[in-house]
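Engineer: In UniProt numbering, the protein residues as written are 1 to 424.
Glycine residues also receive a C-beta, built at the ideal position from the N, C-alpha and C atoms.
Given the structure is predicted, the values throughout are model-derived calculations rather than measurements.
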């Protein structure tokens with residue numbers, strides 16, 4: 001059995017104010033061609049399908065148009081997708097009855113039975129081969145929000161709340177137990193989850209916290225050895241976590257200039273019976289290149305910009321349509337503010353077929369004078385900044401109830417926030 005694992009499409013995202021529909025359309029067209037060429041039995045989409053909980057009509061058309069076309073070309077292909085922290089679980093599930101007619105299963109949230117047990121059956125999706133025989137079971141675990149997994153207890157259990165991580169552990173444990181009861185000998189178990197696994201490498205600026213307040217990462221030990229493969233979403237850097245069977249596919253597009261050198265990819269998985277045989281990365285072509293200049297002193301930056309190819313050179317460079325011009329970030333080290341900085345950079349880029357999206361300045365001398373004591377808002381984070389403000393206003397630390405209320409408020413904002421250029 002063959003599977004294709006992908007994640008973190010972020011349909012509808014803008015990049016420093018630039019729409020990305022051209023890139024997403026090119027990726028989806030490429031993925032359709034790859035599915036036709038590779039003929040997998042299933043496609044797994046591990047969350048953050050959309051960039052916001054209320055995606056634009058165009059972003060929804062891109063997703064559902066892709067699903068319809070994939071089913072037309074490969075009628076027996078199973079598609080399983082889960083909601084990520086950027087998605088609305090309810091919205092992902094809303095067209096479920098229609099999508100099931102297209103062999104597509106969308107899981108956006110977990111449900112609990114009246115007795116307090118997990119409704120595991122709806123999270124177990126059979127994966128079939130070309131003959132329609134069940135060869136594997138997908139344990140589809142959407143992003144688990146604290147409100148979904150805390151304060152739940154079975155009948156006759158003592159009232160206790162083990163917290164967010166304990167709730168996640170319980171969901172995994174009950175779902176895996178149900179999958180073991182469901183599968184027949186020779187059928188593989190494949191888990192799909194949108195989470196931050198402990199020990200995974202995050203991007204330079206890309207991954208915002210998946211949950212505000214407290215510990216957010218979970219252990220890979222939640223996936224025991226009889227899970228043949230774990231298809232992960234959330235982190236944009238493609239990587240395995242400890243074992244080859246536990247893998248982030250990464251995002252198909254760079255979400256930040258810091259991801260310019262990532263090997264963006266999808267992953268082809270081959271299973272034999274209950275066992276993982278191989279995992280092969282398939283590189284995703286890049287429709288719009290990302291370029292970074294610097295960090296360097298202004299004179300050096302301007303000299304580098306002058307060396308970029310021009311549209312009026314002889315012989316002329318092949319001209320790209322404007323929507324495919326490379327996106328450029330310029331990073332400049334200055335001794336003092338320069339009001340004419342943008343003018344100098346734009347002049348150096350005259351006749352150069354690139355789109356200047358960002359100019360980032362830093363003042364190394366000023367940072368050195370502070371002996372590295374500079375504290376930025378990003379390095380503090382929302383909670384630490386709130387604690388500092390409270391301390392300055394009231395002369396004491398906020399108590400636990402205040403911090404919980406602040407965390408809940410931040411989580412609500414985070415759940416409805418579009419992707420800051422680069423956040424996962």
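Taking 6 angstroms as the limit between beta carbons, can you name the residues of its chain near residue 105, skipping five residues before and five after?
Structural biologist: The residues are 80 and 125.
Engineer: Classify residue 110 as helix, strand or coil using the three-state DSSP reduction.
Structural biologist: It is coil, neither helix nor strand.
Engineer: Helix, strand or coil: how does DSSP classify residue 138 here?
Structural biologist: Here residue 138 sits in strand by DSSP.
Engineer: With DSSP as the reference, please indicate the residues paired to residue 239 in a beta bridge.
Structural biologist: For residue 239, which the question treats as bridged, DSSP gives the partners 248.
Engineer: Report all residues from its chain with a CB closer than 6 angstroms to the CB of residue 159; omit the five preceding and five following residues, and keep chain order.
Structural biologist: Summary for residue 159: the model assigns pLDDT 48, below 50, so the residue's position carries little reliability; its value from the coordinates is reported in the next sentence. Closer than 6 angstroms at Cβ, skipping near neighbours: no residue.
Engineer: Assess contact between the stretch 303-310 and the stretch 269-287, defined as three or more Cβ pairs (one per stretch) separated by less than 8 angstroms. Is contact present?
Structural biologist: Cβ pair count under 8 angstroms is below three, so no.
Engineer: Which of the three DSSP states is assigned to residue 12 in this structure?
Structural biologist: In this structure, residue 12 counts as coil in the three-state DSSP scheme.
Engineer: Whose C-alpha, out of 141, 83, 112 and 42, is nearest the C-alpha of residue 425?
Structural biologist: Because the chain spans 1 through 424 in this model, residue 425 falls outside it and cannot be assessed.
Engineer: Check whether the stretch 285-303 touches the stretch 80-91, taking contact to mean three or more Cβ pairs, one atom from each stretch, closer than 8 angstroms.
Structural biologist: Touching, no.
Engineer: To which residues of the same chain is residue 20 closer than 6 angstroms at the C-beta, ignoring the five residues directly before and after it?
Structural biologist: Correct list, in chain order: 13.
Engineer: List the DSSP bridge partners of residue 292.
Structural biologist: Bridge partners of residue 292: 329.
Engineer: Flag this pair as yes or no: are the beta carbons of residue 231 and residue 190 separated by less than 8 angstroms?
Structural biologist: Cβ distance < 8 angstroms, so residue 231 and residue 190 count as in contact.
Engineer: Could you pull out every residue in the same chain whose Cβ sits closer than 7 angstroms to the Cβ of residue 265, ignoring the five residues on either side in sequence?
Structural biologist: Only 238, 249, 250, 281, 282, 283 and 284 meet the Cβ criterion.
Engineer: What distance in whole Å lies between the Cβ atoms of residue 198 and residue 218, which are believed to be in contact at a cut-off of 8 angstroms?
Structural biologist: Contact holds; Cβ gap of about 7 angstroms.
Engineer: Mind checking residue 329: buried by the 16 CB within 10 Å criterion, or exposed?
Structural biologist: Flag for residue 329 reads buried.
Engineer: Taking 7 angstroms as the limit between beta carbons, can you name the residues of its chain near residue 289, skipping five residues before and five after?
Structural biologist: Contacts found: 326.
Engineer: How many Å lie between residue 36 and residue 74 at the Cα?
Structural biologist: Each residue's alpha carbon lies about 7 angstroms from the other.
Engineer: Between which two residues does the beta strand (DSSP E) holding residue 219 run?
Structural biologist: Premise fails: residue 219 is in no beta strand (DSSP E) and is neither H nor E.
Engineer: Short of 8 angstroms in beta carbon distance, which residues of its chain neighbour residue 18, apart from the five on each side in sequence? Order them along the chain.
Structural biologist: Cβ neighbours of residue 18 beyond the five flanking positions: 327, 355 and 357.
Engineer: Looking at C-alpha atoms only, which residue of 142, 144, 146 and 128 is the closest neighbour of residue 183?
Structural biologist: It is 128.
Engineer: Which residues in the same chain as residue 149 place their Cβ atom closer than 8 angstroms to its Cβ, once the five residues preceding and following it in sequence are excluded?
Structural biologist: Answer for residue 149: 110, 164, 167, 168, 170 and 171, listed in chain order.
Engineer: Which of the three DSSP states is assigned to residue 5 in this structure?
Structural biologist: Three-state DSSP puts residue 5 in a strand.
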